[in-house]
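S.K.: Right, I'll just put the structure down here and ask away after.
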Amino acid sequence: MKITVLNGSPKGELSGTLKYIEFLKIKYPNIDFTVFHISKRMPAIAGKGAEYQKILDSIEKADAIIWCFPLYFYLVHSELKRFIEFIAENHDEAVFANKYAAAISTSIHFFDHTAHAYIQGISEDFGMRFYDSYSPAMFDFLKQSSRHQFLFFADRFFACIREQRPIARQTNVISHISCAYNPATVHKKVNAGKKRVIVIADHLEKGNTVSSMVQRFSQSINGDVEIVDLSKMRISGGCLGCIKCGWDNTCRYEGKDDYIDFYKKSFMKADIIVIAGKIKGRFLSWEWKRFMDRSFWRTHSPSFNGQQVGLLVSGPLSQLPNVMNVFYGHFEVGHANLLGFVSDESNDSIVIDDQITCLAKDLVDASNYGYKKPVMFPGYAGMKVFRDEIYCDLKAFFRADFKYYRKNKIFNFPQKKRFNRFLGSLFILVMKIRPLRKMFTNMIKEGIVMPHNKILKNESLEQS
Ligand SMILES: Cc1cc2nc3c(=O)[nH]c(=O)nc-3n(C[C@H](O)[C@H](O)[C@H](O)COP(=O)(O)O)c2cc1C
């Protein structure tokens with residue numbers, strides 16, 4: 057049996073995730089594993105020379121492929137994303153067709169589900185038979201029990217290939233639309249006063265839909281709008297995964313390209329941020345992904361302080377809830393307020409015009425008001441994952457986060473709520489007395505809303 061492994065770690069051979077493959081090589085000496093360090097080698101692979109051809113040949117001869125990758129910002133590393141786009145741009149998906157596929161990642165379990173949903177979707181878009189995902193935490197490999205579980209996953213996968221088991225597609229088939237959007241002249245602009253508005257797009261070219269959306273947005277604003285084209289920004293490369301930033305938020309690339317300066321002086325300082333881009337293979341482009349990955353110099357500390365964010369997306373956004381989940385998560389843990397999305401899916405210029413102008417107005421109003429939506433599960437649970445990791449296992453690697461979390465009271469463990477815990481225990485004791493328990497159970501619904509009712513009563517008194 058031949059298996060091609062596509063390694064998505066920028067660390068190449070030093071990838072911790074790759075240890076799972078090395079483990080399989082020991083346990084299954086009869087299986088031929090060929091590993092390609094995609095994320096590390098992608099700049100060379102993109103030259104479309106012998107290296108790229110070697111990968112395609114290997115995939116063609118393989119019975120299956122394994123995506124082996126670390127989680128990078130809700131998905132995969134930008135260079136693996138670039139590889140996936142590269143395959144599609146070169147119409148080489150056919151080499152993947154009908155192969156079995158599996159995905160192995162390591163992470164701290166922060167949005168590993170969105171990364172695996174993405175990889176499964178891509179595998180199925182390429183016509184592969186996607187078996188399953190395996191997503192252990194980054195140090196789980198050290199536990200014998202965890203390796204034992206992994207062998208079951210692998211064994212089932214190999215049996216599946218040997219027996220040519222049927223596998224049903226689980227992700228939706230995306231239908232792509234082509235939109236001819238022509239923005240009209242804006243007659244009623246939104247006054248943004250002194251608000252700093254920044255629009256960042258990946259490829260601004262006259263006539264492309266993203267550019268037209270950006271144009272409509274900026275013309276809807278009465279005030280200064282900084283428009284940034286990522287393709288023109290000097291960015292030396294993707295995140296290297298070196299975690300040099302963990303100590304004091306200093307990136308290895310600092311001073312070597314424009315990214316950090318831009319991030320500090322423009323991106324973080326804006327009041328209103330608009331992200332604009334085209335869907336490429338189930339997410340925005342790899343350039344956008346690189347922009348996100350490189351923001352890791354902030355490590356696990358939020359970059360924002362209540363900024364309002366909007367998205368302008370060209371492509372099938374409504375068919376890709378994963379994209380929305382990623383951005384909600386990203387801005388919720390980043391302490392910004394993601395207010396809304398506009399896509400070109402309606403394929404109706406008048407509708408798109410209206411939606412963009414409304415988004416512009418909403419963003420300015422929300423910024424003036426200081427609006428902060430309550431975070432939902434992604435931001436709420438995400439911060440708890442970070443909090444626990446930074447407090448304990450990752451403390452030594454991410455000293456800057458530890459200091460930030462301590463200063464900003466993010467180590468808000470419930471154990472510290474001594475009074476509430478005492479009340480809870482006392483209540484349990486009281487509830488052990490049967491007649492009291494009966495009384496409380498009868499009162500519980502009214503009891504919970506009693507303080508709310510008190511506030512409403514005061515509010516109506518103040519109003520009258
Ligand atoms: C830039 C960057 C982004 C990351 N993003 C995530 C993430 O979104 N979710 C997560 O759980 N872990 C994330 N991690 C942690 C890595 O996935 C984890 O350390 C992984 O085990 C590294 O594997 P590797 O040694 O194979 O590269 C990130 C790490 C880096 C450096």
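Numbering (our numbering), first residue to last: 57 to 520.
Glycine included, C-beta positions come from ideal geometry on N, C-alpha and C.
Rounded to whole angstroms, how far is the Cβ of G183 from the Cβ of N154, which I believe are closer than 8 Å?
M.R.: Between N154 and G183 the Cβ distance is about 6 Å, and since that is below 8 Å, they are a contact.
S.K.: Judging by CA-CA distance, which residue of F383, Q411, Q220 and Y130 is the nearest neighbour of S399?
M.R.: Nearest C-alpha to S399: Q411.
S.K.: Given a threshold of 16 other Cβ atoms within 10 Å of its Cβ, counted over all protein chains shown, does Y156 qualify as buried or as exposed?
M.R.: Looking at its Cβ environment, which holds 16 or more other Cβ atoms inside 10 Å, Y156 is buried.
S.K.: Going by beta carbon distance, what residues of the same chain come within less than 7 Å of K117, once the five residues before and after it are set aside?
M.R.: Result list for K117: K58, in chain order.
S.K.: Quick check: K334 and G371, are their CB atoms within less than 8 Å of each other?
M.R.: Against a cut-off of 8 Å, the Cβ pair of G371 and K334 comes out as a contact.
S.K.: Does Y187 come out as helix, strand or coil in the three-state DSSP assignment?
M.R.: Three-state result, Y187: strand.
S.K.: Just to confirm the assignment, what range does the beta strand (DSSP E) spanning E445 have?
M.R.: No beta strand (DSSP E) contains E445, which is instead part of the alpha helix (DSSP H) from F433 to Y447.
S.K.: Taking only three categories from DSSP, how would you classify C301?
M.R.: Correct three-state label for C301: helix.
S.K.: Give a yes or no on whether the C-beta atoms belonging to I122 and I160 are separated by under 8 Å.
M.R.: Contact: yes.
S.K.: Which runs of the beta strand (DSSP E) at least 3 residues long sit entirely within the region 139-164? Give them in chain order.
M.R.: List check, beta strand (DSSP E) in window: 156-162.
S.K.: Is DSSP giving R68 helix, strand or coil here?
M.R.: Correcting the residue identity first, residue 68 is Gly in this sequence and not Arg. Residue state, collapsed to three classes: helix.
S.K.: Taking the alpha-carbon of V369 as reference, which of F195, D211 and S341 has the nearest alpha-carbon?
M.R.: Checking every option, the nearest Cα to that of V369 belongs to S341.
S.K.: Does the Cβ of T306 lie closer than 7 Å to at least one heavy atom of ligand 1?
M.R.: Checking every heavy atom of ligand 1 against the Cβ of T306, none is found closer than 7 Å.
S.K.: Leaving out five residues on either side along the sequence, give the residues of the same chain with a beta carbon under 7 Å from the beta carbon of G396.
M.R.: If we look at G396 and ignore the five residues flanking it on each side, its Cβ neighbours are G366, L415 and D418.
S.K.: S65 and G279: beta carbons closer than 8 Å?
M.R.: Result no, Cβ atoms of S65 and G279 do not sit closer than 8 Å.
S.K.: With C-beta atoms as the reference, is G390 less than 8 Å away from P434?
M.R.: No; because the gap between Cβ atoms is not below 8 Å, this pair is not in contact.
S.K.: Three-state secondary structure (DSSP) at F89?
M.R.: Strand, per DSSP.
S.K.: Could you tell me whether any non-hydrogen atom of ligand 1 is closer than 7 Å to the CB of P358?
M.R.: No, since every heavy atom of ligand 1 falls outside the 7 Å radius drawn around the Cβ of P358.
S.K.: Can at least three beta-carbon pairs, one atom from the region 260-271 and one from the region 215-223, be found at a separation below 8 Å?
M.R.: In short, these stretches do not touch, since the Cβ pair count stays below three.
S.K.: Go ahead and pull the three-state DSSP assignment for Y76.
M.R.: DSSP places Y76 in helix when its eight states are reduced to three.
S.K.: Would you report the Cα separation of A240 and I254, rounded to the nearest angstrom?
M.R.: The straight-line gap from Cα to Cα measures roughly 21 Å.
S.K.: For the candidate residues F352, N468, A456 and K110, whose alpha-carbon lies nearest to that of L436?
M.R.: First, the residue type needs correcting, since residue 436 is Tyr and not Leu in the sequence shown. Nearest C-alpha to Y436: N468.
S.K.: Between D320 and G426, what straight-line distance do the alpha-carbon atoms span, to the nearest angstrom?
M.R.: Just to set this straight, residue 320 is Lys in the shown sequence, not Asp. Looking at the two C-alpha atoms, the distance is approximately 21 Å.
S.K.: Is I122 near ligand 1 - that is, is its Cβ less than 7 Å away from at least one heavy atom of it?
M.R.: Not so, every heavy atom of ligand 1 lies at least 7 Å from the Cβ.
S.K.: Taking C-alpha atoms, which residue in F387, T355, M380 and R338 lies nearest to G362?
M.R.: Minimum Cα distance to G362 is reached at F387.
S.K.: Where does I256 sit, in a helix, a strand or coil, going by DSSP?
M.R.: In the structure shown, I256 sits in a strand (DSSP, three-state: E or B).
S.K.: With a threshold of 7 Å, establish whether the CB of I299 neighbours any heavy atom of ligand 1.
M.R.: Yes, the beta carbon of I299 sits closer than 7 Å to at least one heavy atom of ligand 1.
S.K.: Might you give, ordered along the chain, the residues of its own chain that have their beta carbon closer than 8 Å to the beta carbon of D168, omitting 5 neighbours on each side?
M.R.: The residues are L127, S161 and S191.
S.K.: Going by the CB atoms, is the gap between D349 and C295 shorter than 8 Å?
M.R.: For C295 and D349, yes; Cβs fall inside 8 Å.
S.K.: Going by C-alpha distance, which of F186, I299, I504 and D314 is nearest Q226?
M.R.: For the residues F186, I299, I504 and D314, the minimum Cα distance to Q226 belongs to F186.
S.K.: The beta strand (DSSP E) that contains Q364, what's its start and end?
M.R.: Q364 to S370 is the extent of the beta strand (DSSP E) around Q364.
S.K.: Does DSSP put S134 in a helix, a strand or coil?
M.R.: Note: S134 maps to helix in three-state DSSP.
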